[in-house]
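Just below is one structure, and these are the notes that go with it.
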Amino acid sequence: MFFKQCSYDQEWLRGNIASPFLGARLSHWLITAVALVAFAGSCLQALAAVTVTSQEIALKDQWVQRNLLSPINLPPFSFASGGESSTILLPLWNRVRTDTILDTNRTQHVLTWTNNGLEVKCIAVEYSNYPVVEWTVYLKNVGSSNSSILQDIKGLNSGFHRTNGPEFILNGNKGDFTTEDSYEPYRIALLPNTVKTCAPFYYSGKSSDGPDGWPYYNLQIPDGGVILAIGWPGQGAV
77 MFFKQCSYDQ EWLRGNIASP FLGARLSHWL ITAVALVAFA GSCLQALAAV TVTSQEIALK
137 DQWVQRNLLS PINLPPFSFA SGGESSTILL PLWNRVRTDT ILDTNRTQHV LTWTNNGLEV
197 KCIAVEYSNY PVVEWTVYLK NVGSSNSSIL QDIKGLNSGF HRTNGPEFIL NGNKGDFTTE
257 DSYEPYRIAL LPNTVKTCAP FYYSGKSSDG PDGWPYYNLQ IPDGGVILAI GWPGQGAV
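So the mapping is simple: the numbering used here equals the position in the sequence shown, first residue as 1, plus 76.
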């Protein structure tokens with residue numbers, strides 16, 4: 077994930093969760109999963125809370141509508157195909173959305189883009205009783221010939237904004253690297269131009285390996301925050 081704060085009138089934070097694949101021709105599904113939890117109020121208040129507030133649900137609803145369901149805005153993931161970014165490609169592709177009520181608390185949104193044999197499918201589950209949305213992105217070659225080279229596959233590519241108030245604070249845990257400080261919590265103030273990169277050791281095959289390998293994060297934002305959880309199917313980078 078690449079964190080950056082800009083010294084503009086509205087400072088902002090941008091996060092990218094990236095696949096380790098440098099490039100691949102697609103003949104099967106490539107999967108990356110992300111869960112996002114939004115909460116309002118201070119971090120300590122959120123941890124101590126027993127009930128979910130209507131403000132937290134409203135924040136989640138706004139985020140889902142803006143980042144997942146809007147046909148105008150870009151989705152919260154990205155990739156490159158044939159050297160072109162999905163931010164350019166997807167608005168030009170055919171888009172189909174289907175919504176299914178799974179139970180009293182969960183609604184599934186399936187967003188599918190297709191073009192020239194490449195299918196991109198985002199399956200998201202939104203919770204009505206908690207400020208949570210989770211999604212998995214699938215890319216599949218449904219044509220009869222090789223796809224273009226796919227690169228920079230990011231299961232999360234989204235921005236988190238603030239105006240005034242305290243700096244963004246990143247809370248997390250170190251990964252497991254068989255030392256006395258394995259799983260030790262950390263707290264980092266993301267000052268302007270701060271870059272924090274997290275990834276397990278590329279050679280280990282264990283998704284939580286190394287001091288920067290643990291894939292769960294608590295990002296504090298003034299008057300709220302976001303919990304980010306990355307799926308563990310393989311090597312990743314944040």
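Note that beta-carbon positions come from the ideal geometry of N, C-alpha and C, so glycine has one too.
As the structure is a prediction and not an experimental result, all values here were calculated from the model.
Item to check | Supposed close pair I199, T190 - CB separation, criterion 8 angstroms | outcome: About 15 angstroms separates the two Cβ atoms, so there is no contact after all.
Checklist entry - Between the C-alpha atoms of F202 and V128, what's the straight-line distance to the nearest angstrom? => result The identity of residue 202 in the sequence shown is Glu, whereas the question assumes Phe. Going by the C-alpha atoms only, they are around 15 angstroms apart.
Checklist entry - Which whole-angstrom value describes the C-beta separation of V208 and K136, a residue pair presumed to lie in contact below a C-beta threshold of 8 angstroms? => result Right, the Cβ-Cβ distance comes to about 7 angstroms (below 8 angstroms), so this counts as a contact.
Item to check | Distance between D257 and N222 (C-alpha atoms, nearest Å) | outcome: When rounded, the separation of the alpha-carbon atoms in N222 and D257 is 46 angstroms.
Checklist entry - In three-state terms, what does DSSP make of N170? => result Three-state DSSP puts N170 in a strand.
Next on the checklist: Less than 8 angstroms between the beta carbons of S220 and G158, yes or no?
Outcome noted: Cβ distance not < 8 angstroms, so S220 and G158 don't count as in contact.
Checklist entry - From G301 to N294, what distance separates their C-alpha atoms? => result When the Cα atoms are used, G301 and N294 turn out to be separated by approximately 7 angstroms.
Item to check | Close beta carbons around N233, own chain, < 7 angstroms, minus the five adjacent residues each side | outcome: In the same chain as N233, and ignoring 5 residues on each side of it, the C-beta atoms closer than 7 angstroms to its own belong to N92, P152, F153 and S154, in chain order.
Next on the checklist: I'd like the list of long-range same chain contacts for K282, defined as Cβ closer than 8 angstroms, with 5 residues on each side in sequence excluded.
Outcome noted: The residues are D252, P276 and G289.
Checklist entry - Whole-angstrom Cβ separation of G248 and Y292, contact assumed at under 8 angstroms? => result 7 angstroms between Cβ atoms; contact.
Checklist entry - Under the rule that 16 or more other beta-carbon atoms within 10 Å means buried, what is D285, buried or exposed? => result By the 10 Å Cβ count, D285 comes out buried.
Next on the checklist: Between the alpha carbons of N240 and I148, how many angstroms are there, rounded?
Outcome noted: The straight-line gap from Cα to Cα measures roughly 28 angstroms.
Item to check | alpha helix (DSSP H) segment containing L165, residue limits | outcome: Its alpha helix (DSSP H) spans residues S162 to L165.
Checklist entry - Taking W169 as the reference, which of E243, T270 and G193 has the closest Cα? => result Just measuring C-alpha positions, the residue of E243, T270 and G193 sitting nearest W169 is G193.
Next on the checklist: Distance check for A156 and L226, CA to CA, integer angstroms please.
Outcome noted: Cα to Cα, L226 sits roughly 6 angstroms from A156.
Next on the checklist: Relative to the C-alpha of R171, which candidate in P242, Y259 and L150 has its C-alpha closest?
Outcome noted: Of P242, Y259 and L150, the residue nearest in Cα terms is L150.
Item to check | Three-state secondary structure assigned by DSSP to N217 | outcome: Residue state, collapsed to three classes: strand.
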